[in-house]
Amino acid sequence: MSKALLATPLQDFLAKLRYERQLSPHTLQAYQRDLDCFAEFLSSQSVTELKQIDEQHIRNFLAWRHRQGIQSKSLQRQLAAVRSFFNFLLSEGKLAYNPAKGVQAPKVARKLPVTLDVDQTGQLLEIKSDAPLAIRDKAILELFYSSGLRLSELVNLDLSDIDLHDAVVNVTGKGSKERRLPVGRKAISAIQTWLATRSHFLKQEQNALFISQRGARLSARSIQKRMRDWAIKQGIDINVHPHMLRHSFASHMLESSGDLRAVQELLGHADISTTQIYTHLDFQHLAKVYDAAHPRARKKP
197 MSKALLATPL QDFLAKLRYE RQLSPHTLQA YQRDLDCFAE FLSSQSVTEL KQIDEQHIRN
257 FLAWRHRQGI QSKSLQRQLA AVRSFFNFLL SEGKLAYNPA KGVQAPKVAR KLPVTLDVDQ
317 TGQLLEIKSD APLAIRDKAI LELFYSSGLR LSELVNLDLS DIDLHDAVVN VTGKGSKERR
377 LPVGRKAISA IQTWLATRSH FLKQEQNALF ISQRGARLSA RSIQKRMRDW AIKQGIDINV
437 HPHMLRHSFA SHMLESSGDL RAVQELLGHA DISTTQIYTH LDFQHLAKVY DAAHPRARKK
497 P
């Protein structure tokens, strides 16, 4: 099969994802890259018709990508894209079965997320400067940690999304799903201070909650860089990034409450198995306490 032969059904599939499922441009580009790669492989196998593709082609594709150095997590994503594409073709009556349905990708060894402990988090957030940029950045950091936002969710916040009186923020997450989250007292205070300073940066009307010195919506890359800079200034000796504050929020909430379902809701996870990784972090913490405290666990000097 050539790329040209796959092009039309692929564009139809992407249009369905864009307009019916309303996936983000970033996600659509990922589907496009993965399926273009699959089309390249099929072309090398001299496949000329969709109905020729069977399970062995899918397995050979994964093996081909593995030989190119692609890791298990990426192979899982590419298989998911191929499987979704064939489900679409099946629903359109262009195939009689999905050849990717019974194929399994290599399992991924799940890595525990890196988090800041409570003391490190407090150290990061203890920003004393009253410079406008520092005021803005403190509000950003406080909100990340207070409500466990994703970077994209925070970047897309508008002024209308934050309710200071009720201490809540309205967030649009993955798949355009909305959720209403509580905002902590310190985050509210930091945001109020920022809003009183925000006019220093305004050049024209702007709805974004967090803006740059030029008055534009603050970009994800700028936030990442500012967070790294603040971690260094505050004496944190690890690479701090926005998702680390989200991980820290989830870990600290679960450690304090033990309520996995509530943490799932706050994080906006569709599947509770995604949230369960934080129970491993919690157990890791308990194991350290045990090793340090239990008479039978303490090592002899």
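Using our numbering, the letters of the sequence shown map in sequence onto residues 197 to 497. Don't be surprised by glycine CBs; every beta carbon is placed ideally from N, CA and C.
(message) Between the alpha carbons of L355 and G265, how many angstroms are there, rounded?
(response) Those two C-alpha atoms are separated by around 45 Å.
(request) Tell me whether V351 sits in a helix, a strand or coil according to DSSP, three-state version. (result) Looking at V351 - three-state DSSP - the assignment turns out to be helix.
(request) Check whether the Cβ atoms of P295 and D250 sit closer than 7 Å, and answer yes or no. (result) A contact, by the Cβ cut-off of 7 Å.
(message) In the DSSP output, what is R413 paired with across the bridge?
(response) DSSP output for R413 lists I407 as bridge partner(s).
(message) I need the DSSP call for P378, collapsed to helix, strand or coil.
(response) In the three-state reduction of the DSSP assignment, P378 falls in the strand class, which pools E and B.
(message) Just list the residues that DSSP pairs T368 with in beta bridges.
(response) When DSSP reads this structure, T368 sits in a beta bridge with E374.
(message) According to DSSP, D359 sits in a beta bridge with which residue or residues?
(response) Answer is V364.
(request) Report buried or exposed for S415, applying the criterion of at least 16 other Cβ atoms within 10 angstroms of its Cβ. (result) By the neighbour-count rule (16 or more Cβ atoms within 10 Å), S415 is not buried but exposed.
(request) Could you have a look at L299 and say whether DSSP puts it in helix, strand or coil? (result) Residue 299 is actually Val in this sequence, not Leu. The answer is coil: DSSP assigns V299 none of H, G, I, E or B.
(message) Within the continuous alpha helix (DSSP H) that includes N283, where are the two ends?
(response) First-last of the alpha helix (DSSP H) with N283: 268-287.
(request) Put F397 into one of helix, strand or coil per three-state DSSP. (result) Of the three classes helix, strand and coil, the one that applies to F397 here is coil, per DSSP.
(message) I'd like to check one pair, G371 with L462: are the Cβ atoms closer than 7 Å?
(response) Not a contact, by the Cβ cut-off of 7 Å.
(message) Is it buried or exposed, T471, if we count other Cβ atoms within 10 angstroms and call 16 or more buried?
(response) Result: buried.
(request) Return the residue from the list P328, L353, Y215 that minimises the CA-CA distance to F406. (result) Distance check between F406 and each of P328, L353, Y215 places L353 closest, using alpha-carbon atoms only.
(request) Enumerate in chain order the residues of its own chain whose CB-to-CB distance from N283 is below 7 Å, with the five nearest sequence positions on each side excluded. (result) These residues qualify, in order along the chain: N294.
(message) Just verifying my parser: in three-state terms, what is the DSSP assignment at G454?
(response) In the structure shown, the three-state DSSP call for G454 is coil.
(request) Could you spell out where the alpha helix (DSSP H) holding G318 opens and where it closes? (result) Unbroken alpha helix (DSSP H) run through G318: 314-321.
(message) Give me, in chain order, the residues of the same chain whose beta-carbon lies closer than 7 Å to that of S444; leave out the 5 immediate sequence neighbours on both sides.
(response) Only T311, L312, T317, Y341 meet the Cβ criterion.
(request) Under the assumption that L213 contacts L337 (Cβ atoms under 8 Å), give the Cβ distance between them as a whole number of angstroms. (result) L213 to L337, Cβ: 34 Å. No contact.
(request) Could you say which of R375, I419, A292 lies nearest to K247 if we only look at CA atoms? (result) Taking only the C-alpha atoms, the option nearest K247 is A292.
(request) State the CB to CB distance for the pair Q241 and H253, rounded to an integer number of angstroms; the pair is presumed to be in contact (CB under 8 Å). (result) With a Cβ gap of about 7 Å, Q241 and H253 count as contacting.
(request) Would you check if the distance between the CB atom of M423 and the CB atom of V436 is smaller than 7 Å? (result) Pairing M423 with V436 gives a Cβ-Cβ distance under 7 Å.
(request) Compare the beta carbon distance of L238 and F281 with 7 Å and say whether it is the shorter of the two. (result) The beta carbons of L238 and F281 sit no closer together than 7 Å.
(request) Identify, in the order they occur along the chain, each residue of the same chain with its Cβ nearer than 7 Å to the Cβ of Q267, setting aside the five sequence neighbours on each side. (result) Same-chain partners within the cutoff: there are none.
(request) Whole angstroms is fine: what's the gap from A301's alpha carbon to S325's? (result) Between A301 and S325, the C-alpha separation is close to 50 Å.
(message) Does the structure place the segment 362-370 close enough to the segment 418-433 that three or more beta carbon pairs sit under 8 Å?
(response) With a cut-off of 8 Å, the segment 362-370 and the segment 418-433 do not count as touching, because too few Cβ pairs lie within range.
(request) Using the Cα positions of E322 and E374, report the straight-line distance between them to the nearest angstrom. (result) For E322 and E374, the distance between alpha carbons rounds to 31 Å.
(request) For D320, count neighbouring Cβ atoms within 10 angstroms of its own Cβ and tell me buried if that reaches 16, exposed if not. (result) According to the sequence shown, residue 320 is Leu rather than Asp. Buried is the call here.
(request) For the segment 237-264, list the beta strand (DSSP E) runs that are entirely contained and at least 3 residues long, ordered along the chain. (result) Runs of beta strand (DSSP E) with 3 or more residues, each lying fully within the segment 237-264, are absent.
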